[in-house]
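At the far end of the sequence shown sits residue 323, using this note's numbering, and the numbering has no gaps. I have placed the structure first, in the form of structure tokens, so that the comments after it can refer back to it.
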Amino acid sequence: MVLIEWNKELELGIPEIDKQHKQLVDMLNEFYTELEEGHRQEAIEHFLKNLEDYLHYHLDYEEKFMEEKGFPETEDHKRIHKLFKELYAEEKQRYLQGDPKALRELVAFAFSWLFSHIMKADKKYAEYMREKGLI
Ligand SMILES: [Fe+2]
């Protein structure tokens, strides 16, 4: 099931980062596909695992990239990423303790990451780098 389509609005124009952001879209679509197919438990387990892996490799990649390019607001951006990791850890804990709201909140978090963080915070570093001729 394709619930979310990648669109140009999400594109930063940095191929490797755009590729990684597309993986977040794929992850959400895969989650809904598995849910639709009736594999609820597997869907949830995959989603939690994928999101956790993604949080680490993607955010670390982005942070290194910003540092390498000398983006002046790297520390502020890293703070937001740190909050993402903390929020994930908290929600996962709550989910494992049996709170069903935690899963919904994690899905909402993944959506807001796509439609808010990428479109605002990530675009900011991409614009800066483009202006400075760094990308
Ligand atoms: Fe980011």
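Ideal Cβ positions, reconstructed from N, Cα and C, are used throughout, including at glycine. Nothing here was measured: the structure is a model prediction, and the numbers come from that model.
Open item on the list: Taking the straight line between their C-alpha atoms, what separation do you get for residue 290 and residue 218?
Closed with: Spanning the two alpha carbons is a distance of roughly 19 Å.
Open item on the list: Taking the straight line between their C-alpha atoms, what separation do you get for residue 283 and residue 267?
Closed with: Near 24 Å, if we compare the C-alpha coordinates of residue 267 and residue 283.
TODO: Classify residue 205 as helix, strand or coil using the three-state DSSP reduction.
DONE: DSSP places residue 205 within a helical segment (H, G or I) once states are collapsed to three.
- [ ] Classify residue 190 as helix, strand or coil using the three-state DSSP reduction.
- [x] Secondary structure of residue 190 (DSSP, three-state): coil.
Open item on the list: To the nearest angstrom, how far is the alpha carbon of residue 236 from that of residue 281?
Closed with: Cα to Cα, the separation comes out at about 11 Å.
Task: Exposure of residue 212, with buried meaning 16 or more beta-carbon neighbours within 10 Å - done: In this structure residue 212 is buried. Its beta-carbon is surrounded by 16 or more other beta-carbon atoms within 10 angstroms.
TODO: With DSSP as the reference, label residue 287 as helix, strand or coil.
DONE: In the three-state DSSP reduction, residue 287 falls in the coil class, being neither helix nor strand.
- [ ] Classify residue 259 as helix, strand or coil using the three-state DSSP reduction.
- [x] Reduced to three states, the DSSP call for residue 259 is coil.
- [ ] Might you give, ordered along the chain, the residues of its own chain that have their beta carbon closer than 7 Å to the beta carbon of residue 306, omitting 5 neighbours on each side?
- [x] Excluding sequence positions up to five before and after residue 306, its CB lies within less than 7 Å of the CB of 198, 209, all in the same chain and listed in chain order.
- [ ] Please determine, among 242, 231, 257, the residue with the shortest C-alpha to C-alpha distance to residue 355.
- [x] Shown here, the chain extends from 189 to 323; a query on residue 355 therefore has no answer.
- [ ] Could you name each continuous alpha helix (DSSP H) segment of 4 residues or more that falls completely within the region 223–282, going from the start of the chain to the end?
- [x] Taking only runs of at least 4 residues, the alpha helix (DSSP H) segments lying wholly in the region 223–282 are 228–257.
Task: residue 206 Cβ short of 6 Å to ligand 1 heavy atom set - done: Within 6 Å of the C-beta of residue 206 there is not a single heavy atom belonging to ligand 1.
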